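Counting along the sequence shown from 1, when you hit position 338 you're at 350 in the working numbering, and nothing is skipped either side.
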Amino acid sequence: MRFGLRRRIPLAWCLLTRQPGRLMVALAGICFAGMLMFLQLGFRDALFDASIAIHRLFNADVVLISSTSSSSVSMEPFPKRRLFQAASRPEVESISPVRWSLLVWKNPETGSPRAILAVGFDPDDDIVNLEGLAEQKKSLQLDQRVLYDRLSRPEFGPVEDWFKSGRTVTAEVRNVRVQVDGLVELGVSFGADGNLLTSNRTFNRLLGSADGSSNSIELGLIRLAPGADPETVATALKNTLPNDVQVLTKQEFLAFEQDYWRSSTSIGFIFNLGAAMGLVVGAVVVYQILFSDVVDHLPEYATLKAMGYSSMDLVTVILQESLLLAGFGYIPAFLAGKGIYGFTRSATNLPIGMSNQMAVFVFSMIFIMCVISGLLAMGKLRDADPAEIF
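Pasting the structure below:
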(Lines of atoms letter the chains of each structure in order from A and count residues from 1; the text may use other names and numbers.)
(Lines give C-alpha, C1' and ligand atoms only; values in the text may rest on other atoms or scores of the structure.)
Protein backbone atom coordinates (compact mmCIF):
# COMPACT_ATOMS: atom_id res chain seq x y z
CA MET A 1 0.00 0.00 0.00
CA ARG A 2 2.71 2.47 0.97
CA PHE A 3 4.78 1.57 -2.13
CA GLY A 4 1.89 2.20 -4.51
CA LEU A 5 0.99 5.50 -2.84
CA ARG A 6 4.57 6.67 -3.00
CA ARG A 7 4.70 5.96 -6.74
CA ARG A 8 1.51 7.89 -7.41
CA ILE A 9 2.46 11.04 -5.50
CA PRO A 10 5.48 13.08 -6.84
CA LEU A 11 6.47 14.14 -3.34
CA ALA A 12 9.71 15.89 -4.33
CA TRP A 13 7.93 17.94 -7.00
CA CYS A 14 5.11 18.87 -4.62
CA LEU A 15 7.56 20.05 -1.96
CA LEU A 16 9.50 22.20 -4.47
CA THR A 17 6.46 23.83 -6.05
CA ARG A 18 4.61 24.43 -2.77
CA GLN A 19 6.44 27.77 -2.47
CA PRO A 20 7.01 29.13 -6.01
CA GLY A 21 8.97 32.14 -4.78
CA ARG A 22 11.55 29.98 -3.06
CA LEU A 23 11.75 27.74 -6.13
CA MET A 24 12.41 30.74 -8.38
CA VAL A 25 15.22 31.91 -6.08
CA ALA A 26 16.81 28.47 -6.22
CA LEU A 27 16.56 28.28 -10.01
CA ALA A 28 17.96 31.81 -10.34
CA GLY A 29 20.95 30.83 -8.19
CA ILE A 30 21.60 27.70 -10.25
CA CYS A 31 21.16 29.62 -13.50
CA PHE A 32 23.64 32.26 -12.33
CA ALA A 33 26.15 29.59 -11.35
CA GLY A 34 25.75 27.87 -14.72
CA MET A 35 26.08 31.14 -16.65
CA LEU A 36 29.24 32.01 -14.75
CA MET A 37 30.74 28.60 -15.46
CA PHE A 38 29.81 28.81 -19.15
CA LEU A 39 31.29 32.31 -19.38
CA GLN A 40 34.56 31.50 -17.65
CA LEU A 41 35.12 28.13 -19.33
CA GLY A 42 34.10 29.55 -22.72
CA PHE A 43 36.66 32.33 -22.51
CA ARG A 44 39.29 29.87 -21.32
CA ASP A 45 38.69 27.51 -24.24
CA ALA A 46 38.52 30.41 -26.69
CA LEU A 47 41.87 31.59 -25.38
CA PHE A 48 43.47 28.21 -25.97
CA ASP A 49 41.87 27.73 -29.40
CA ALA A 50 42.65 31.24 -30.61
CA SER A 51 46.24 31.02 -29.43
CA ILE A 52 46.97 28.33 -32.06
CA ALA A 53 44.67 29.55 -34.85
CA ILE A 54 47.60 30.32 -37.18
CA HIS A 55 49.85 27.57 -35.83
CA ARG A 56 47.24 24.99 -36.78
CA LEU A 57 47.24 26.19 -40.40
CA PHE A 58 50.96 25.71 -40.97
CA ASN A 59 51.83 23.02 -43.49
CA ALA A 60 54.65 21.42 -41.52
CA ASP A 61 55.61 18.16 -39.83
CA VAL A 62 58.49 19.56 -37.74
CA VAL A 63 59.03 23.12 -36.54
CA LEU A 64 62.19 24.93 -35.43
CA ILE A 65 62.00 27.85 -33.01
CA SER A 66 64.53 29.69 -30.91
CA SER A 67 65.37 28.12 -27.57
CA THR A 68 64.64 31.50 -25.97
CA SER A 69 61.14 31.85 -27.46
CA SER A 70 58.34 31.52 -24.92
CA SER A 71 55.21 32.07 -27.03
CA SER A 72 53.89 33.58 -30.25
CA VAL A 73 53.80 37.03 -28.65
CA SER A 74 57.52 36.90 -27.88
CA MET A 75 59.16 34.91 -30.66
CA GLU A 76 62.93 35.31 -30.75
CA PRO A 77 65.04 34.99 -33.94
CA PHE A 78 67.58 32.25 -34.57
CA PRO A 79 70.13 31.72 -37.38
CA LYS A 80 68.52 30.72 -40.67
CA ARG A 81 71.35 28.30 -41.31
CA ARG A 82 69.90 25.96 -38.66
CA LEU A 83 67.00 25.32 -41.03
CA PHE A 84 69.37 24.51 -43.89
CA GLN A 85 71.30 22.19 -41.60
CA ALA A 86 68.06 20.37 -40.84
CA ALA A 87 67.32 20.12 -44.58
CA SER A 88 70.39 17.91 -45.02
CA ARG A 89 68.58 14.93 -43.50
CA PRO A 90 67.26 12.47 -46.12
CA GLU A 91 63.75 12.44 -44.60
CA VAL A 92 63.29 16.17 -45.20
CA GLU A 93 61.33 16.95 -48.38
CA SER A 94 61.20 20.77 -48.18
CA ILE A 95 61.73 23.68 -45.79
CA SER A 96 60.29 27.17 -45.37
CA PRO A 97 61.83 30.06 -43.39
CA VAL A 98 59.19 32.21 -41.70
CA ARG A 99 59.42 35.64 -40.07
CA TRP A 100 57.06 36.35 -37.17
CA SER A 101 56.70 39.43 -34.98
CA LEU A 102 54.30 41.97 -33.53
CA LEU A 103 54.72 45.24 -35.46
CA VAL A 104 53.07 48.64 -35.12
CA TRP A 105 50.25 49.24 -37.61
CA LYS A 106 48.71 52.69 -38.05
CA ASN A 107 44.99 52.89 -38.69
CA PRO A 108 44.77 54.22 -42.29
CA GLU A 109 41.76 56.34 -41.37
CA THR A 110 42.78 57.81 -37.99
CA GLY A 111 46.53 57.17 -37.81
CA SER A 112 46.10 55.48 -34.42
CA PRO A 113 48.91 52.94 -33.77
CA ARG A 114 48.20 49.36 -32.71
CA ALA A 115 50.28 46.18 -32.54
CA ILE A 116 49.53 43.66 -35.28
CA LEU A 117 51.01 40.21 -35.86
CA ALA A 118 52.97 40.09 -39.12
CA VAL A 119 53.98 36.76 -40.67
CA GLY A 120 56.53 36.76 -43.48
CA PHE A 121 57.18 33.81 -45.83
CA ASP A 122 58.33 33.01 -49.35
CA PRO A 123 55.27 33.42 -51.63
CA ASP A 124 56.45 30.41 -53.65
CA ASP A 125 56.21 28.17 -50.57
CA ASP A 126 53.01 26.38 -49.64
CA ILE A 127 53.29 27.05 -45.91
CA VAL A 128 49.67 27.68 -44.89
CA ASN A 129 46.59 25.56 -45.52
CA LEU A 130 44.26 28.51 -46.05
CA GLU A 131 41.42 28.73 -48.53
CA GLY A 132 41.97 31.39 -51.18
CA LEU A 133 45.60 32.05 -50.27
CA ALA A 134 47.07 30.37 -53.37
CA GLU A 135 45.37 32.89 -55.68
CA GLN A 136 46.42 35.92 -53.64
CA LYS A 137 49.93 35.18 -52.41
CA LYS A 138 51.50 35.81 -55.83
CA SER A 139 50.89 39.52 -55.27
CA LEU A 140 53.24 39.34 -52.29
CA GLN A 141 56.16 38.97 -54.70
CA LEU A 142 55.84 42.72 -55.16
CA ASP A 143 57.54 44.83 -52.53
CA GLN A 144 55.55 46.27 -49.62
CA ARG A 145 52.40 44.28 -50.35
CA VAL A 146 50.44 42.54 -47.59
CA LEU A 147 47.36 40.37 -47.12
CA TYR A 148 45.12 41.60 -44.31
CA ASP A 149 43.19 39.36 -41.92
CA ARG A 150 39.56 40.42 -42.31
CA LEU A 151 38.82 39.04 -38.82
CA SER A 152 41.12 41.63 -37.25
CA ARG A 153 39.66 44.01 -34.69
CA PRO A 154 37.89 47.11 -36.11
CA GLU A 155 40.42 49.35 -34.31
CA PHE A 156 42.82 48.67 -37.20
CA GLY A 157 40.56 50.65 -39.50
CA PRO A 158 37.91 50.02 -42.18
CA VAL A 159 40.36 47.98 -44.26
CA GLU A 160 37.91 45.31 -45.37
CA ASP A 161 35.20 47.80 -46.34
CA TRP A 162 37.62 49.97 -48.29
CA PHE A 163 39.16 47.00 -50.09
CA LYS A 164 35.80 45.49 -51.06
CA SER A 165 34.62 48.85 -52.38
CA GLY A 166 37.55 48.88 -54.82
CA ARG A 167 39.54 51.50 -52.98
CA THR A 168 43.34 51.19 -52.80
CA VAL A 169 44.14 50.54 -49.15
CA THR A 170 47.51 51.67 -47.81
CA ALA A 171 48.75 51.90 -44.24
CA GLU A 172 51.97 52.38 -42.31
CA VAL A 173 53.70 49.48 -40.58
CA ARG A 174 56.70 50.61 -38.54
CA ASN A 175 56.59 53.87 -40.54
CA VAL A 176 56.85 51.99 -43.84
CA ARG A 177 53.99 52.39 -46.31
CA VAL A 178 52.41 49.07 -47.35
CA GLN A 179 49.50 48.25 -49.65
CA VAL A 180 46.78 45.72 -48.87
CA ASP A 181 46.45 43.41 -51.90
CA GLY A 182 44.01 40.86 -50.49
CA LEU A 183 41.97 39.60 -47.55
CA VAL A 184 42.39 36.33 -45.65
CA GLU A 185 40.71 34.75 -42.62
CA LEU A 186 43.09 33.79 -39.83
CA GLY A 187 41.42 34.87 -36.58
CA VAL A 188 42.43 36.98 -33.61
CA SER A 189 43.74 35.78 -30.27
CA PHE A 190 44.41 37.18 -26.81
CA GLY A 191 47.96 37.86 -27.92
CA ALA A 192 47.22 39.54 -31.26
CA ASP A 193 44.16 41.58 -32.27
CA GLY A 194 44.99 41.40 -35.97
CA ASN A 195 47.22 39.66 -38.52
CA LEU A 196 49.14 40.38 -41.72
CA LEU A 197 50.72 38.03 -44.23
CA THR A 198 53.59 39.29 -46.34
CA SER A 199 56.77 38.14 -48.03
CA ASN A 200 60.03 37.64 -46.17
CA ARG A 201 61.58 40.43 -48.21
CA THR A 202 58.87 42.94 -47.27
CA PHE A 203 58.99 41.78 -43.66
CA ASN A 204 62.73 42.37 -43.47
CA ARG A 205 62.33 45.83 -44.97
CA LEU A 206 59.75 46.62 -42.31
CA LEU A 207 62.46 45.77 -39.79
CA GLY A 208 64.92 48.12 -41.47
CA SER A 209 66.78 45.89 -43.96
CA ALA A 210 67.51 47.96 -47.06
CA ASP A 211 67.83 44.98 -49.43
CA GLY A 212 65.14 42.86 -47.74
CA SER A 213 67.54 40.15 -46.64
CA SER A 214 68.18 38.68 -43.20
CA ASN A 215 70.18 35.85 -41.69
CA SER A 216 67.60 35.32 -38.95
CA ILE A 217 64.13 33.78 -38.81
CA GLU A 218 61.59 33.10 -36.06
CA LEU A 219 60.14 29.86 -37.44
CA GLY A 220 61.54 27.06 -39.54
CA LEU A 221 58.92 24.82 -41.12
CA ILE A 222 60.00 21.36 -42.21
CA ARG A 223 57.93 19.03 -44.38
CA LEU A 224 58.95 15.39 -44.44
CA ALA A 225 58.88 12.82 -47.20
CA PRO A 226 55.88 10.47 -47.22
CA GLY A 227 56.28 7.72 -44.63
CA ALA A 228 58.79 9.59 -42.46
CA ASP A 229 57.97 9.69 -38.75
CA PRO A 230 57.98 13.28 -37.37
CA GLU A 231 58.89 12.20 -33.84
CA THR A 232 61.87 10.16 -35.05
CA VAL A 233 63.14 13.00 -37.24
CA ALA A 234 62.60 15.56 -34.47
CA THR A 235 64.60 13.43 -32.05
CA ALA A 236 67.44 13.08 -34.56
CA LEU A 237 67.51 16.83 -35.18
CA LYS A 238 67.59 17.54 -31.44
CA ASN A 239 70.73 15.42 -31.20
CA THR A 240 72.49 17.11 -34.13
CA LEU A 241 71.47 20.79 -34.09
CA PRO A 242 73.00 23.30 -31.63
CA ASN A 243 71.02 24.13 -28.50
CA ASP A 244 70.09 27.61 -29.74
CA VAL A 245 67.00 26.07 -31.38
CA GLN A 246 64.12 23.93 -30.19
CA VAL A 247 62.92 21.11 -32.43
CA LEU A 248 59.19 20.38 -32.16
CA THR A 249 56.74 18.20 -34.00
CA LYS A 250 53.58 19.95 -35.23
CA GLN A 251 51.61 18.70 -32.21
CA GLU A 252 54.37 19.74 -29.82
CA PHE A 253 54.39 23.17 -31.45
CA LEU A 254 50.65 23.56 -30.78
CA ALA A 255 51.06 22.31 -27.22
CA PHE A 256 54.01 24.69 -26.70
CA GLU A 257 51.78 27.69 -27.40
CA GLN A 258 48.84 26.46 -25.36
CA ASP A 259 51.04 25.55 -22.40
CA TYR A 260 52.29 29.12 -22.28
CA TRP A 261 48.79 30.52 -21.80
CA ARG A 262 47.80 27.67 -19.50
CA SER A 263 50.76 27.67 -17.12
CA SER A 264 52.96 30.70 -17.74
CA THR A 265 50.23 33.32 -17.45
CA SER A 266 47.53 33.95 -14.87
CA ILE A 267 44.74 34.01 -17.45
CA GLY A 268 43.94 30.30 -17.39
CA PHE A 269 44.01 30.25 -13.59
CA ILE A 270 41.67 33.24 -13.39
CA PHE A 271 39.09 31.64 -15.68
CA ASN A 272 39.21 28.36 -13.78
CA LEU A 273 38.86 30.23 -10.49
CA GLY A 274 35.86 32.13 -11.82
CA ALA A 275 34.16 28.87 -12.82
CA ALA A 276 34.90 27.39 -9.38
CA MET A 277 33.43 30.46 -7.68
CA GLY A 278 30.26 30.06 -9.73
CA LEU A 279 30.04 26.47 -8.54
CA VAL A 280 30.44 27.52 -4.91
CA VAL A 281 27.85 30.30 -5.17
CA GLY A 282 25.33 27.93 -6.72
CA ALA A 283 26.00 25.26 -4.08
CA VAL A 284 25.40 27.75 -1.26
CA VAL A 285 22.12 28.90 -2.78
CA VAL A 286 20.84 25.36 -3.36
CA TYR A 287 21.91 24.27 0.13
CA GLN A 288 20.05 27.17 1.73
CA ILE A 289 16.90 26.40 -0.25
CA LEU A 290 16.95 22.67 0.52
CA PHE A 291 17.88 23.21 4.16
CA SER A 292 15.01 25.68 4.60
CA ASP A 293 12.68 23.21 2.88
CA VAL A 294 13.68 20.43 5.28
CA VAL A 295 13.25 22.67 8.33
CA ASP A 296 9.85 23.93 7.18
CA HIS A 297 8.61 20.41 6.49
CA LEU A 298 10.00 18.55 9.51
CA PRO A 299 6.46 17.73 10.77
CA GLU A 300 5.56 16.34 7.34
CA TYR A 301 8.74 14.26 7.25
CA ALA A 302 8.00 13.02 10.78
CA THR A 303 4.51 12.06 9.65
CA LEU A 304 5.96 10.11 6.74
CA LYS A 305 8.25 8.28 9.17
CA ALA A 306 5.26 7.46 11.34
CA MET A 307 3.53 6.09 8.25
CA GLY A 308 6.43 3.71 7.67
CA TYR A 309 8.81 5.68 5.45
CA SER A 310 12.43 4.94 6.29
CA SER A 311 15.20 7.53 6.57
CA MET A 312 16.49 6.32 3.19
CA ASP A 313 13.08 7.05 1.66
CA LEU A 314 13.30 10.65 2.90
CA VAL A 315 16.88 10.93 1.68
CA THR A 316 15.64 9.85 -1.75
CA VAL A 317 13.09 12.67 -1.71
CA ILE A 318 15.79 15.24 -1.02
CA LEU A 319 17.97 13.83 -3.78
CA GLN A 320 15.03 13.98 -6.17
CA GLU A 321 14.56 17.64 -5.30
CA SER A 322 18.25 18.20 -6.02
CA LEU A 323 17.99 16.55 -9.43
CA LEU A 324 14.88 18.55 -10.34
CA LEU A 325 16.63 21.77 -9.38
CA ALA A 326 19.69 20.81 -11.44
CA GLY A 327 17.62 20.02 -14.51
CA PHE A 328 15.37 23.08 -14.45
CA GLY A 329 18.21 25.42 -13.48
CA TYR A 330 20.50 24.17 -16.24
CA ILE A 331 18.12 24.91 -19.14
CA PRO A 332 18.09 28.75 -18.79
CA ALA A 333 21.83 28.69 -18.01
CA PHE A 334 22.49 26.79 -21.24
CA LEU A 335 20.39 29.18 -23.32
CA ALA A 336 21.96 32.22 -21.68
CA GLY A 337 25.42 30.76 -22.28
CA LYS A 338 24.74 30.34 -26.00
CA GLY A 339 23.51 33.91 -26.18
CA ILE A 340 26.59 35.24 -24.39
CA TYR A 341 28.87 33.25 -26.71
CA GLY A 342 27.15 34.64 -29.79
CA PHE A 343 27.41 38.21 -28.55
CA THR A 344 31.06 37.79 -27.55
CA ARG A 345 31.95 36.19 -30.89
CA SER A 346 30.41 39.06 -32.85
CA ALA A 347 32.02 41.70 -30.64
CA THR A 348 35.55 40.25 -30.40
CA ASN A 349 35.92 37.73 -33.29
CA LEU A 350 37.17 35.19 -30.76
CA PRO A 351 36.41 31.54 -31.65
CA ILE A 352 34.09 31.06 -28.68
CA GLY A 353 31.20 28.61 -28.89
CA MET A 354 29.22 25.94 -27.11
CA SER A 355 30.82 22.54 -27.54
CA ASN A 356 29.10 19.30 -26.58
CA GLN A 357 31.87 18.55 -24.11
CA MET A 358 31.40 21.89 -22.35
CA ALA A 359 27.61 21.52 -22.20
CA VAL A 360 27.92 18.07 -20.64
CA PHE A 361 30.66 19.23 -18.25
CA VAL A 362 28.70 22.21 -16.94
CA PHE A 363 25.57 20.08 -16.48
CA SER A 364 27.66 17.52 -14.60
CA MET A 365 29.02 20.27 -12.34
CA ILE A 366 25.52 21.62 -11.65
CA PHE A 367 24.27 18.08 -10.99
CA ILE A 368 27.11 17.39 -8.54
CA MET A 369 26.59 20.81 -6.94
CA CYS A 370 22.91 20.11 -6.29
CA VAL A 371 23.51 16.57 -5.05
CA ILE A 372 26.21 17.70 -2.59
CA SER A 373 23.95 20.49 -1.37
CA GLY A 374 21.14 17.98 -0.92
CA LEU A 375 23.38 15.60 1.00
CA LEU A 376 24.43 18.40 3.34
CA ALA A 377 20.82 19.44 3.88
CA MET A 378 19.86 15.88 4.81
CA GLY A 379 21.56 16.20 8.18
CA LYS A 380 18.48 17.97 9.46
CA LEU A 381 16.34 14.91 8.73
CA ARG A 382 17.75 13.33 11.90
CA ASP A 383 15.46 15.70 13.78
CA ALA A 384 12.39 14.33 12.01
CA ASP A 385 11.45 12.08 14.93
CA PRO A 386 7.68 11.63 15.34
CA ALA A 387 8.02 11.08 19.06
CA GLU A 388 9.79 14.44 19.55
CA ILE A 389 7.83 16.59 17.07
CA PHE A 390 4.39 15.42 18.13
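Think of the CB as a built atom: it goes at the ideal place given N, C-alpha and C, for glycine as much as any other residue.
Values in this document were obtained by computation on a predicted structure and should not be read as measured data.
CA nearest to the CA of residue i, picked from the options
i, options, result
"G199", "A62, S358 and V307", "A62"
"V158", "T180, V192, I139 and G286", "V192"
"L260", "V245, A40 and Q270", "V245"
"A130", "L337, S84, S100 and A58", "S84"
"E105", "K150, I384, D138 and L23", "D138"
"M377", "G46, L35 and Q153", "G46"
"L154", "G339, P311, F215 and I234", "F215"
"A345", "R34, T29 and L51", "L51"
"A222", "V188, R111 and L27", "V188"
"S64", "K262, Y353, V196 and L326", "A quick correction: the sequence has Ile, not Ser, at residue 64. Of the listed residues, the one whose Cα sits closest to I64 is K262."
"P102", "A248, F202 and S228", "A248"
"V110", "V296, L231, A295 and L218", "L231"
"C382", "P32, P22 and C43", "C43"
"L23", "P120, S367, L336 and N368", "L336"
"I282", "R56, A72, D241 and F340", "R56"
"G194", "L209, E269, P166 and L59", "L209"
"A99", "P170, D305, I234 and G123", "I234"
"V329", "G349, D305 and T80", "D305"
"T122", "I77, A183 and S113", "A183"
"G365", "D73, S82, S113 and G354", "G354"
"A38", "V298, I384 and L387", "V298"
"P120", "Q97, Q148 and G169", "G169"
Buried versus exposed, by CB contacts within 10 Å (16 or more), residue i
i, result
"P254", "exposed"
"W117", "buried"
"K250", "exposed"
"M87", "buried"
"D173", "exposed"
"F265", "buried"
"W25", "exposed"
"F15", "With a pLDDT of 42 at F15, under the threshold of 50, the modelled position of this residue cannot be trusted, and the question is left open."
"F70", "buried"
"A237", "exposed"
"N141", "exposed"
"N361", "buried"
"S275", "exposed"
"E333", "buried"
"M49", "buried"
"S323", "exposed"
"L28", "buried"
"D161", "buried"
"L285", "exposed"
"V372", "exposed"
"P89", "buried"
"G54", "buried"
"E243", "exposed"
"F133", "buried"
"G351", "exposed"
"K176", "exposed"
"R30", "exposed"
"N207", "buried"
Residue range of the alpha helix (DSSP H) that includes residue i
i, result
"G46", "P32 to S63"
"Q148", "L145 to Q148"
"N368", "N368 to A389"
"I343", "S323 to T360"
"E103", "Unbroken run through E103: none, as it is neither H nor E."
"P22", "Unbroken run through P22: none, as it is neither H nor E."
"L316", "L310 to A318"
Those residues which DSSP pairs with residue i across a bridge
i, result
"E184", "K118 and R189"
"F133", "S211"
"A237", "Answer by DSSP bridge pairing: none, since A237 is not bridged."
"I460", "An answer regarding residue 460 cannot be provided, because it is not within the stretch 13 to 402 covered by the chain."
"W174", "None; W174 has no bridge partner."
"P91", "S228"
"G169", "Answer by DSSP bridge pairing: none, since G169 is not bridged."
"V196", "D161"
"V140", "F70"
"S108", "L233"
"R126", "W117"
Residue interval of the beta strand (DSSP E) (run including residue i)
i, result
"K157", "According to the sequence provided, residue 157 is Arg. The question's Lys does not apply to it. Where R157 is concerned, the enclosing beta strand (DSSP E) stretches over R157 to D161."
Residue-level contact to chain D via CB, residue i, 7 Å cutoff
i, result
"L53", "The question asks about chain D, but that chain is absent: this structure has only one protein chain."
**Study point:** Segments of 4+ residues assigned as alpha helix (DSSP H) that fall wholly inside the region 241-302
**Key:** Fully enclosed alpha helix (DSSP H) runs of 4 or longer: 242-252 and 262-275.
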